[in-house]
Each structure stands twice: as structure tokens, then as C-alpha cells.
Amino acid sequence: MEISLIRHGKSLWTENNPIPCKELKDWIKNYDCNGVYEENSYPPETIKTISTANVVITSDLKRSIESARYLNPNIKTISDPLFREIELPIPLTNLWGLKLNPNTWAVLLRCFWFSGYSSGCESLNDAKNRANKASKRLVEYAKENDVVVLVGHGFFNMLIAKELQKIGWIGKRKTSSKHWHSTTYSFK
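FYI, the numbering for the sequence shown is 807 to 994, going by our numbering.
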């Protein structure tokens, strides 16, 4: 049995001008509503992985669904919100009028999130519990279909990989965080 985790493609939403923290929520909505760039070519290993899958799962976000379609236009997918990316904790205050580009906000807020700050979003513990549930669902698909692919998101794929490894799945210790790259885990 195999479960492969693929990170979605690069988002079409590239707006990266400095904004106050309060505007980040709208920026994220735009990021979530836009699709991904269609590339001229994709990593050969990823193409091979998705072409041999008996079932392909995506989150219900457009960038995940579109990525699966670009990698293999003829494949049918199962979209499930269980596999969505982990939200960022966005403070309700303006943080002293500080303006940073959205990518910098994302790194900063993700660090806060890993440190225990989860205002308005699921906590690290809740995300780990959801990843546990997601990994169990992927294992069920693998038991029924042998070769399974999830086209998902960077941080959530990382948590799923840790859960798979805890229950004996073998693969790279760390999932690839690069767009379009895949990491495969197997169980004998």
C-alpha cells in the first residue's frame, strides 16, 4: 500500500504589498479563492505518482482541486474539507499599525501558532487531531485502493506524514514543502 502527499501548485494570487495585520484575513480569502498557475512541466516523479494512483483526494480549496486536474486532467478526485490547510491565527488588533508583506505575516503568525497562539483558528493540538483523523481516512482508502494520492497543503501534509509514520508507514522523515512535489509513504 502507498500514500503519496503532493503539495498544490503556486497560487495565482501573488499580491504581496505590505498590509496591516487586520487586512490579512481578506488577503487569505483571495488566496483561497484563486487557483494555481498551470506550468509548462511538472516534476516527473509527481506525474508518475499521480498517474499510478487508484484514488486521488484533494482538499475542497480551489488550489488543491486545480492542482490535481493540472497533474492529470483525466483523473476523478474526491474533495474533502478534512484535508484543508491549517488556518493562521489573525489578531483582532492592528498591532501598532505595523505593515508587513503577507508572506512575512504568514511566517510570523505560523511561528506564533506553533508557540500556542490560536486566536480564531484551530489550535496546534486540534490540527494534530484532525491530521490523525485525516491519516486514518487515507489509510482506509489505501486498504481499499492500494495506491492513494492526496493533493493537499504544506503544513497539513506535514502533520499527516507524522501521523502516518507513528503508525508504521515508511517514507521520508520530512515531506517536501515545494509546490508540485510529492512524498510517498508505504506500508508492507
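In this text, a Cβ means the ideal position worked out from N, Cα and C, and glycines have one as well. Keep in mind that this is a model prediction, so the values were computed, not measured.
Exposure of residue i, with buried meaning 16 or more beta-carbon neighbours within 10 Å
i: Leu904; result: exposed
i: Arg979; result: exposed
i: Asn963; result: buried
i: Val913; result: exposed
i: Thr858; result: exposed
i: Gly974; result: exposed
i: Glu969; result: buried
i: Cys827; result: buried
i: Thr820; result: exposed
i: Glu946; result: exposed
i: Thr910; result: exposed
i: Pro996; result: In the structure displayed, the chain extends from 807 to 994; residue 996 sits before or after that span and is not available.
i: Gly926; result: exposed
i: Thr976; result: At residue 976 the sequence reads Ile, which differs from the Thr that was named. By the neighbour-count rule (16 or more Cβ atoms within 10 Å), Ile976 is not buried but exposed.
i: Asn880; result: exposed
i: Ser988; result: buried
Element boundaries [beta strand (DSSP E), containing residue i]
i: Leu956; result: Val953 to Gly958
i: Thr990; result: Ser988 to Ser992
i: Thr864; result: Val861 to Thr864
Reduced DSSP category for residue i - H, G, I as helix; E, B as strand; rest coil
i: Glu808; result: strand
i: Pro887; result: helix
i: Gly924; result: Per the sequence shown, the amino acid found at residue 924 is Ser instead of Gly. Correct three-state label for Ser924: coil.
i: Ser929; result: coil
Residue interval of the alpha helix (DSSP H) (run including residue i)
i: Tyr876; result: Lys868 to Leu877
i: Trp902; result: Neither: Trp902 is in no alpha helix (DSSP H) and is coded neither H nor E.
i: Thr981; result: Premise fails: Thr981 is in no alpha helix (DSSP H) and is neither H nor E.
i: Asn822; result: Counting along the chain, Asn822 falls outside any alpha helix (DSSP H), and DSSP gives it neither H nor E.
i: Leu830; result: Leu830 to Cys839
i: Pro850; result: Pro850 to Ser857
Cβ-heavy atom distance, residue i to the ligand GDP, below 6 Å
i: Thr981; result: By its list of ligands, the structure shown contains no ligand whatsoever, and the ligand GDP lies outside what it can speak to.
- Message: Does the segment 943 to 951 come into contact with the segment 913 to 932, if we say contact requires no fewer than three beta-carbon pairs (one atom in each stretch) closer than 8 Å?
- Response: No, the segment 943 to 951 does not touch the segment 913 to 932.
- Okay, do the segment 926 to 946 and the segment 843 to 853 touch, 3+ Cβ pairs below 8 Å being the bar? Not touching, per the Cβ criterion.
- Are the segment 933 to 942 and the segment 894 to 908 touching by the rule of at least three beta carbon pairs closer than 8 Å? Not touching, per the Cβ criterion.
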